[in-house]
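Engineer:
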Amino acid sequence: MISNPASQPSETNRFERTKIKEAIIEIVSDSGEGAQKCGQSLGAISAKMGNGVWTVEIIPAEIQPPARSKAGASGIRVRMGSNKITNMGDHADLVVALNEQVLYGRIDQNAYKPGTYLLIENKWATHTEETAIAYKESIEHFKELGYKIFEIPMEKECLKHVSDAKKGKNMWVLGLLCNLYDRDLEIAENQVKYIFRKKDEKIIQSNLELLHAGYEYATENFPMHFTIPSKLSEEDYVVMNGNEAISLGVMAAGIEVCSMYPITPATSATHAMAETIESAGGIIHQAEDEIAAIGFAVGASYAGKTAVTITSGPGIALKTEFIGLAVMAEVPLVIIDVQRGGPSTGLPTKVEQGDLLAVLYGAPGDSPKVIIAPSTIEECFHFVILARKLAESFRTPVFVLTDANLATGVQPFPRPKIKSEWFAGPIDQSPWKEGVKVYDWDKNTGISKRPIPGQKGGMYTLTGLAHDEDSHVAYDPAINQRAVESRSRKLAALRATLKPPTIHGDQEGDMLLVGWGSTRGAIEEAAERAREKGAKVSSIHLRFLSPMEPGLKDIFSKFKKVMTVEINYSDTVGNPLITEENRRYSQLAWYLRAQTLTDIDCLSNVFGQPMSPIQILKRLEKELNLTLID
Amino acid sequence: MISFQPDFCEILPPDEEHYSIEDYGSSKARWCSGCGAHTILHSVQKLCEEEQLPPEKTVFVSGIGCSSRFPHYMKTYGFHGLHGRALPVASGVKFRRPDLNVFVITGDGDCCSIGAGHWVHAIRYNMKMVVLLFDNSIYGLTKKQTSPTSPLGTHSNTHPRGSVIPPINPIQSTLGFANVSFVAQTIDWKPAHLNATLKKAFDHPGLAFVRIVQRCPIWMRDTYEPTVKDPNALTLLDHEDGILLDEKAKSTFRHIQQHDPSNLIKAREVAELVKETTPIGLFYQNKNAIRYDEYGAHNLGISVEERIGAINTLMDRYAI
């Protein structure tokens with residue numbers, strides 16, 4: 000239940016608060032200073048108050064990059080508003096920086112705008128001479144860029160309450176932000192108690208003291224105080240990131256074997272379930288490598304316990320041979336790919352939607368498999384349950400493609416009510432029906448039922464070699480044609496059950512934006528903002544990528560232009576040597592062009608950042624020749 | 000079906016199924032004539048019959064190569080998977096299915112080269128299964144390339160002037176892996192020893208690793224013939240806790256060495272003998288090594304209500 004924010008402290012009435020619809024706040028620091036915990040708490044508090052929230056982590060590639068390094072920003076962005084928030088938004092309104100150097104990286108990423116409040120720890124002004132000079136230069140530079148600077152004695156203030164300011168400064172900042180944005184102090188207190196629930200009472204008390212101190216400090220020392228009205232919901236809500244949602248989805252799907260090898264940014268999904276999964280009837284197997292992880296999962300699935308393997312791009316590359324085997328031998332299996340920047344080791348902690356074509360085609364021969372892509376945190380949960388069902392119904396591997404943005408983005412959603420029918424049923428150990436072949440490919444759907452070890456009379460040898468309906472190795476040309484056709488037919492059979500995607504906005508117009516995965520919030524917000532300015536922009540968002548959702552060609556034909564919005568690479572016409580003829584399209588655009596023979600353009604980039612509405616609006620301005628940004 | 004068990008002269012109840020050796024045979028094996036795999040196949044089928052393993056509860060998992068065709072010739076469940084990857088698949092099969100009898104059929108290329116990483120870890124997992132390494136010291140199916148166990152100087156299509164790196168000794172290697180619990184060596188041309196070794200391996204509570212020195216008459220005749228023909232080429236490892244042979248079978252060995260299979264250090268020393276002679280028998284056994292399959296199965300059978308309860312408890316943490 001969302002608690003009632005009734006207990007606002009009286010001092011908040013001492014000044015006028017500006018009512019705002021939403022705010023984007025960042026907390027940035029060196030690694031290990033607790034910025035993320037501070038932001039997550041702010042997000043949780045706001046969600047509990049009934050605000051819409053989206054948080055996204057700012058993660059350096061290393062665990063501990065050198066202190067005060069320009070590219071080493073570790074932190075978090077919290078966007079909160081009166082309505083539902085679906086993406087990280089454009090520019091931050093207010094930033095708390097525990098040192099000034101980490102701001103440079105964020106400024107390079109265009110995260111701020113003139114007028115953004117920068118609240119900077121001022122202890123560096125009196126640090127070593129070198130640091131003090133760098134600090135002063137930076138402050139001057141930031142002023143020139145038009146930011147509103149507040150130099151804050153955070154360390155000094157914290158030392159009034161604790162002996163080591165490094166531990167607890169984040170809670171002081173949380174208190175400060177709670178005041179600036181009118182957060183419910185009682186909810187904040189409970190949040191602090193929750194964070195430190197495993198620590199002793201002394202630590203809880205000192206953090207509560209810091210929370211209050213930060214809150215107090217903000218009362219006197221700032222001219223700006225805001226309030227973001229919220230609506231309390233009667234419904235139960237949960238707030239978590241996409242990897243946590245996946246972990247709950249794995250357990251709610253009744254999957255007994257989660258077989259993995261550590262890889263960023265996928266592994267935190269395993270962490271989130273590690274403490275619970277054994278009580279939920281499953282086990283995590285940490286394999287010796289990525290190949291073994293999927294091999295183990297395939298073995299468990301073959302033995303009737305449909306398994307999941309969770310990985311990211313480089314892991315998918317290694318697993319490819321087993322994926323081919325699972326397709327060939329029709330082994331149900333769930334493969335979750337939390338995509339990151341590629342190719343190769345790429346950008347381990349940054350977002351990219353770069354694996355679509357790799358999972359679609361990355362296997363020798365024809366290798367049809369089901370690919371679904373959740374577009375929200377909530378869907379991360381439900382799609383795992385869906386994936387297992389599809390895997391078993393269609394006797395096939397099913398990919399769930401998420402990305403680093405969904406993995407670390409936090410959003411509240413209605414609490415799922417776990418249903419027993421989501422679970423895998425007990426495995427069939429009844430005798431195999433006599434005369435039924437192991438691959439009894441249905442003429443219309445290609446679907447067949449599989450025997451599970453333990454079933455009397457169902458004995459067969461699964462093989463990755465071309466095989467006939469009895470799973471006997473067969474090199475006969477007609478048999479191979481039939482087998483490959485049957486496996487492909489299953490996708491058509493699944494497609495026949497799908498509905499065309501819902502069009503967000505008008506059913507026809509000048510521009511249709513097409514997205515998949517984590518970009519949905521940004522796309523729909525951009526399209527909405529464009530429509531408010533009179534542009535005829537609509538959007539669709541694809542959840543099924545293989546098989547492709549039906550009706551697309553018809554939908555496309557009702558718009559003058561169709562453009563995908565994706566976080567992956569495409570050539571830009573006009574760059575040296577790049578022409579309309581040779582340009583390489585982004586992945587979904589490439590795929591949709593081939594599928595629908597529609598001239599589809601793309602907006603895509605590989606900055607490693609989540610897509611922001613303003614990036615899309617800028618492109619729309621160009622495409623539609625309109626002014627859409629204030 | 001009614002049948003007699005001669006040892007006890009007991010009539011089995013009519014509904015109890017009795018399996019004959021034919022019940023385990025599938026299609027005719029397509030290995031070359033004279034290939035050692037034929038005798039191993041027969042010996043494994045014999046073991047299945049002796050143990051009366053229900054075919055539907057028995058799974059043969061293999062990789063790729065000559066030996067890995069094995070599951071196709073068994074009328075049990077089988078998994079003929081990827082080159083080098085039999086062990087992870089077999090581990091996955093066993094993890095949540097303690098009721099299944101799992102056998103792994105792998106070759107020297109499969110186990111000791113492309114799948115070597117899995118070999119190390121499967122030994123460490125020590126899940127109850129029998130792993131049979133069909134070691135003919137050559138890549139056969141791809142037509143004579145040097146294998147990781149080819150003796151130094153082996154002439155092959157990849158090393159026509161003779162291989163240049165010493166081979167892996169699979170016994171010695173396995174004895175070096177953490178949590179190793181059963182290592183034996185046998186040969187395909189002495190059925191009595193082969194049968195007794197398979198029986199001992201099957202009874203082992205953990206992963207039983209058996210290297211079977213196997214003849215390849217097509218590519219490796221010159222390498223094996225001396226071992227097969229020279230009675231001095233073999234040394235039988237004998238011990239009351241080892242592979243037990245009757246006196247008649249024992250009498251066919253000229254060299255018999257006492258070796259206590261509980262002694263790991265000694266086992267490693269004996270494994271070095273291979274330079275002069277091929278020691279066969281049980282090198283090492285530890286029935287108390289930690290078993291990963293026991294961990295894997297420890298929470299089977301939790302009720303749906305309990306499972307939902309656990310998930311909801313975790314969900315409470317995210318509740319607002």
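Those protein sequences? They're chains A and B, same order as listed.
Letter by letter, the first sequence follows residues 0 to 629 in numbering that gives the first Met the number 0.
Letter by letter, the second sequence follows residues 0 to 319 in numbering that gives the first Met the number 0.
Every residue gets a Cβ at the ideal spot worked out from N, C-alpha and C, and that includes glycine.
(1) In terms of residue numbering, what span does the beta strand (DSSP E) encompassing Y180 of chain A cover?
(2) Taking its Cβ as the centre, do 16 or more other Cβ atoms sit within 10 Å of Q190 of chain A, making it buried, or is it exposed?
(3) Span of the beta strand (DSSP E) holding E55 of chain B?
(4) Report the rounded CA-to-CA distance for T57 of chain B versus P452 of chain A, giving the unit in angstroms.
(5) For G463 of chain A, return the contacting residues in chain B, with the cut-off set at a CB-CB distance below 9 Å.
(6) In terms of residue numbering, what span does the alpha helix (DSSP H) encompassing R123 of chain B cover?
(7) For D600 of chain A, which residues does DSSP report across the bridge?
(8) Does the beta-carbon of K273 of chain A have 16 or more other beta-carbons within 10 angstroms, so that it is buried, or is it exposed?
(9) How close, in whole Å, do the beta carbons of F412 of chain A and E377 of chain A come, if the pair is a contact with beta carbons under 8 Å?
(10) For S311 of chain A, which residues from the same chain have a beta carbon less than 6 Å from its beta carbon, with the 5 sequence-adjacent residues on both sides left out?
(11) Is the CB of S90 of chain B under 8 Å away from at least one CB in chain A?
(12) At what residues does the alpha helix (DSSP H) containing E377 of chain A begin and finish?
(13) For the stretch 205-224 of chain A against the stretch 153-164 of chain A, do three or more pairs of beta-carbon atoms, one drawn from each stretch, fall closer than 8 Å, so that the two count as touching?
(14) Starting from W30 of chain B, trace the alpha helix (DSSP H) both ways and give me its first and last residue.
(15) Mind reading off the beta-carbon distance from T148 of chain B to D187 of chain B? Whole number of angstroms is fine, and I expect it under 8 Å.
(16) Enumerate in chain order the residues of its own chain whose CB-to-CB distance from S25 of chain B is below 8 Å, with the five nearest sequence positions on each side excluded.
(17) Whole angstroms is fine: what's the gap from N262 of chain B's alpha carbon to Q256 of chain B's?
(18) I need the DSSP call for E524 of chain A, collapsed to helix, strand or coil.
(19) Check for me: the alpha helix (DSSP H) holding H344 of chain B runs from which residue to which?
(20) Could you work out which residue in A:I57, A:Y180, A:R67, A:I370 is closest to K122 of chain A when comparing CA atoms only?
(21) Who pairs with S644 of chain A in a beta bridge, going by DSSP?
(22) Quickly, what does DSSP pair I283 of chain A with across the bridge? List them, please.
(23) Can you grab the Cα-Cα spacing for the pair T518 of chain A / G241 of chain A, in whole Å?
(24) Excluding the 5 residues preceding and the 5 following F558 of chain A in the sequence, name in chain order all residues of the same chain whose CB lies nearer than 8 Å to its CB.
(25) Spell out whether any CB of chain B is found under 8 Å from the CB atom of K455 of chain A.
(26) Can you name the residues of chain B whose CB is closer than 7 Å to the CB of I417 of chain A?
(27) Per DSSP, what are the beta-bridge partners of D402 of chain A in this structure?
(28) Can you pull the chain B residues whose beta carbon is under 8 Å from the beta carbon of A296 of chain A, in chain order?
(29) Is W171 of chain A helix, strand or coil by DSSP?
(30) Just list the residues that DSSP pairs A183 of chain B with in beta bridges.
(31) Quick check on E120 of chain A: does DSSP put it in helix, strand or coil?
(32) Between the stretch 112-129 of chain B and the stretch 190-210 of chain B, are three or more C-beta pairs nearer than 8 Å?
(33) Report the residue from B:C31, B:D315, B:Y283 whose alpha carbon sits nearest the alpha carbon of Q184 of chain B.
(34) First and last residue of the alpha helix (DSSP H) that includes V483 of chain A?
(35) Taking Cβ-Cβ distances shorter than 9 Å, what residues in chain B pair up with A252 of chain A?
(36) Within 10 Å of its beta-carbon, does D629 of chain A have 16 or more other beta-carbons around it, so buried, or fewer, so exposed?
Structural biologist: With the structure as the only source:
(1) Per DSSP, Y180 of chain A lies in no beta strand (DSSP E) segment and is marked neither H nor E.
(2) Buried, because 16 or more other Cβ atoms sit within 10 Å of the Cβ of Q190 of chain A.
(3) Careful: E55 of chain B lies outside any beta strand (DSSP E) and carries neither H nor E.
(4) Each residue's alpha carbon lies about 8 Å from the other.
(5) Simply I63, H79, G80, L81.
(6) Looking at the DSSP string, the run of the alpha helix (DSSP H) that includes R123 of chain B is 115-124.
(7) Paired residues: A:M562.
(8) Before going on, a small fix: residue 273 of chain A reads as Ala here, not Lys. Around the beta carbon of A273 of chain A, fewer than 16 other beta carbons sit within 10 angstroms, so the residue counts as exposed.
(9) Rounded, the Cβ-Cβ distance is 4 Å, consistent with contact.
(10) Cβ within range, chain order: I262, A265, V337, R339.
(11) With a threshold of 8 Å between beta carbons, S90 of chain B makes contact with chain A.
(12) Taken as a continuous stretch (DSSP letters only), the alpha helix (DSSP H) holding E377 of chain A covers 376-392.
(13) Pairwise C-beta distances place the stretch 205-224 of chain A in contact with the stretch 153-164 of chain A, as three or more of them are shorter than 8 Å.
(14) Boundaries cannot be given for W30 of chain B, as no alpha helix (DSSP H) includes it and DSSP labels it neither H nor E.
(15) In fact, because the Cβ distance is near 15 Å, the residues do not count as touching under 8 Å.
(16) Within the same chain, H71, Y72, M73, K74 come within 8 Å of S25 of chain B by CB-CB distance, once the 5 residues on both sides are set aside.
(17) Whole-angstrom Cα-Cα distance: 14 Å.
(18) Three-state result, E524 of chain A: helix.
(19) The shown model of chain B, from 0 to 319, leaves out residue 344 of chain B, and the question about it has no answer.
(20) Nearest C-alpha to K122 of chain A among A:I57, A:Y180, A:R67, A:I370: A:R67.
(21) Absent from the structure is residue 644 of chain A, since the part of chain A shown begins at 0 and ends at 629.
(22) According to DSSP, I283 of chain A shares a beta bridge with A:C257.
(23) T518 of chain A and G241 of chain A have their C-alpha atoms some 13 Å from each other.
(24) If you ignore the 5 residues before and after F558 of chain A, its C-beta comes within less than 8 Å of the C-beta of E507, G508, D509, M510, L511, S537, all in its own chain and listed in chain order.
(25) True, the Cβ-Cβ gap to chain B drops below 8 Å.
(26) Contacts between I417 of chain A and chain B, judged by CB atoms closer than 7 Å, involve I307, I310, N311 in chain order.
(27) Beta bridge pairing from DSSP links D402 of chain A with A:Q338.
(28) Simply G91.
(29) It is helical.
(30) B:V209, B:L281, per the DSSP bridge assignment.
(31) DSSP places E120 of chain A in strand when its eight states are reduced to three.
(32) When C-beta atoms of the stretch 112-129 of chain B are compared with those of the stretch 190-210 of chain B, three or more pairs fall below 8 Å, so the two segments count as touching.
(33) Considering only alpha carbons, the answer is B:Y283.
(34) Element bounds for V483 of chain A: 476-494.
(35) Ordered by position in chain B, no residue passes the 9 Å Cβ test against A252 of chain A, which lies about 10 Å from the chain.
(36) Its Cβ having fewer than 16 others within 10 Å, D629 of chain A is exposed.
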